[in-house]
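J.:
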Amino acid sequence: MIQNQKNIAIIGSGLVGSLLAIYLKRLGHTITVFDRRPDIRNITFSGRSINLAMSNRGWRALKEVGIADEIRNLAIPLDKRAMHVIGEPMYFQKYGKDGEAIWSISRGILNKRMIDLAEEAGVTFRFEEKVWDVNLPEAKIYTGQSEKSEWKEYKYDMIFGCDGAFSRVRHKMQRRSRFDYSQDFIDVGYKELSIPPNDDGTHKFDSNSFHIWPRGKFMLIAMPNLDGSFTCTLFLPFEGEVSFESLKTKEEAKAFFKEYFPNVRKEIENLTGDFFKNPTSAMVTMKCYPWSYWDKVALVGDSAHAVVPFYGQGMNAGFEDIYILNKLIHKYGDDWGRIFQEYQEDRKPNADAIAELSYRNFVEMSSKTADPKFLLQKKIEKHFAAKHPDKWIPVYSRVTFSERPYAEALAVGDAQEKVMKEIMQIPNIENKWDSVEVEQKILELL
């Protein structure tokens, strides 16, 4: 489908903005990307990042535009979780079937590469140029040094808001009548920490695992980088007995790491340094609707549907937005009104579903992954799924290793949970979990 060439502005040069720029440029449009921040290729990264977990949906979007192989060189496959439970030796939980993995990739490295690829395709980037206002019906944007300074006006055929959870473009759309919007912060924050490589450049822990230290109300995770280091994220309540608020001095932070994460005690100096150097960030679920204004403006990625990071699907969901948008462009050509309408109708239920799944996964990762009853349930599910792969695909696999809609994964997951609730009530289940009786009962309930 050949489209008439449009002059398009994309607000935000993050992962979603730069990938969308590549897609639209390949379709023959003139693309300018605005970002209030400096070019991240020239600065050290801010210490606010959680390493990304690229999974099937993200790879599909990159493959469609021919850059998947190049990006794969920047990533490390992780085929299992490594669980660090106090008082037990470390143990592994496989993610999916053989060959299924999520890919750890540094946000900074990926974003820099995507901007390079977009520039090579012919996209113009305007860094340190903040958008203060948007005229929606006329697709005009206004940039300037400050809210009070003189503004510069740009006129486009179309504008895409890819400017994150606190989007300026969406902020303008929120003032329209009948625009629904909600934001919901969780009372847990996060801080980026790091574990350096061994002296010989190797990783200190298994480098093909996603490492989790589940501690009930809080947890630490670590994902490997190509240089032998790990990017760690500490998730901790803002307030309370064990919280960011309660750790005020180096001594308190050291004691905290020593008590709860004994197998990283050699890294304490480093972790404590990062703890006070890096900012504490909040996490928000953001929902809104509609995602478009006429055939002029559309929201993509976090600006339309920010989720908490516990399913590793934020970037994957944003990339999937672009993949679906592209399919609709090929279907409807120049009918942008229809493209935007179908795009938001398709993506909204799936965005809501992944928001719900991401929130639930926080509860699971931090408290249930160390609970024997939960582990037994997962063991039964895995055993049954291996025998009846056509009847039982775990929710995690549906989200991470498939391209079926998120909404379907949520619905099927709820149905499976109902079945397992009954199974876990069977007397003496821990001794006959792999019996024919249990297998028959699941088949019957399904």
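The working numbering puts the first residue of the sequence shown at 272, with every later residue one more than the last. Note that beta-carbon positions come from the ideal geometry of N, C-alpha and C, so glycine has one too. From a predicted model like this one, the values you see are computed outputs, not experimental measurements.
(1) Pick helix, strand or coil for E359, following the three-state DSSP scheme.
(2) Among S320, R297, L681, whose alpha-carbon lies nearest the alpha-carbon of F550?
(3) What are the partner residues of E463, as DSSP defines its beta bridges?
(4) Do G608 and D725 count as a contact pair if the criterion is CB distance below 7 Å?
(5) Can P309 and F398 be called in contact, C-beta distance under 7 Å?
(6) Is the beta carbon of T395 closer than 7 Å to that of T303?
(7) Should Q615 be labelled buried (16 or more other beta-carbon atoms within 10 Å of its own) or exposed?
(8) How many angstroms separate the CA atom of F481 from the CA atom of I281?
(9) With three or more beta-carbon pairs closer than 8 Å as the criterion, would you say the segment 423-440 touches the segment 568-585?
(10) Could you work out which residue in G367, W403, Q687, M429 is closest to E421 when comparing CA atoms only?
(11) Just to confirm the assignment: which complete alpha helix (DSSP H) runs, minimum length 4, are found wholly within the segment 423-466?
(12) Does the Cβ of Q416 have 16 or more other Cβ atoms within 10 Å, making it buried, or fewer, making it exposed?
(13) Have a look at I338, R352, A346, P360 and flag the residue whose alpha-carbon is nearest the alpha-carbon of D387.
(14) Taking just the CA atoms, how far does Y677 sit from S668?
(15) List the whole-angstrom C-beta distance separating I373 from L345, where the pair is believed to meet the contact cut-off of C-beta under 8 Å.
(16) Under a Cβ-count criterion, where at least 16 other Cβ atoms within 10 Å of its own Cβ denotes burial, should S284 be classed as buried or exposed?
(17) Pick helix, strand or coil for S326, following the three-state DSSP scheme.
(18) Between which two residues does the alpha helix (DSSP H) harbouring F655 extend?
(19) Beta-carbon within less than 8 Å of P468's beta-carbon, same chain only, minus the 5 sequence neighbours each way: which residues are those?
(20) Would you identify the three-state DSSP class for R396, choosing helix, strand or coil?
(21) At which residues does the alpha helix (DSSP H) containing D404 begin and terminate?
(22) Rank V336, A324, I357 by C-alpha distance to the C-alpha of L298 and give the top, closest one.
(23) Roughly how many angstroms separate the alpha carbons of I625 and V356, rounded to a whole number?
(24) Quick check: the segment 500-514 against the segment 450-461, are there 3 or more CB pairs under 8 Å?
(25) Apply the 10 Å Cβ neighbour rule to N702 and answer buried if 16 or more other Cβ atoms are within range, or exposed otherwise.
(26) Thinking C-alpha only, which one of E522, K419, M695 is nearest K401?
(27) Is the CB-CB distance between K365 and K383 below 7 Å?
(28) So, helix, strand or coil for M354, using DSSP?
(29) Tell me, which residues are paired with Y564 by DSSP?
(30) Identify the residues that DSSP records as bridge partners of T543: which are they?
(31) Is DSSP giving F476 helix, strand or coil here?
(32) With distances taken between CB atoms, is the gap from L407 to Y560 smaller than 7 Å?
T.: This is what the structure gives:
(1) Three-state DSSP puts E359 in coil, outside helix and strand.
(2) The sequence as given places Pro at residue 550; Phe does not occur at that position. For the residues S320, R297, L681, the minimum Cα distance to P550 belongs to S320.
(3) T504
(4) The displayed coordinates of the chain run from 272 to 717. Any statement about residue 725 would go beyond what the structure contains.
(5) Their beta carbons are under 7 Å apart, which means P309 touches F398 by this criterion.
(6) yes
(7) buried
(8) Across the structure, F481 and I281 are spaced so that their CA atoms are roughly 33 Å apart.
(9) yes
(10) W403
(11) For the segment 423-466, the continuous alpha helix (DSSP H) assignments of 4+ residues that do not extend past its boundaries occur at 439-444, in sequence order.
(12) exposed
(13) I338
(14) 11 Å
(15) Incorrect: roughly 14 Å between the Cβ atoms, too far for contact.
(16) buried
(17) Three-state DSSP puts S326 in coil, outside helix and strand.
(18) For F655, the uninterrupted alpha helix (DSSP H) run begins and ends at 643-658, by DSSP.
(19) Correct list, in chain order: H474, K475, D498, G499, S500.
(20) Contrary to the premise, residue 396 reads as Phe rather than Arg in this sequence. Note: F396 maps to strand in three-state DSSP.
(21) Careful: D404 lies outside any alpha helix (DSSP H), inside the beta strand (DSSP E) at 401-406.
(22) Ranking the options by Cα distance to L298, first place goes to V336.
(23) 27 Å
(24) Counting Cβ pairs under 8 Å, three or more are found: they touch.
(25) exposed
(26) K419
(27) no
(28) strand
(29) V568
(30) None, per the DSSP bridge assignment.
(31) coil
(32) no
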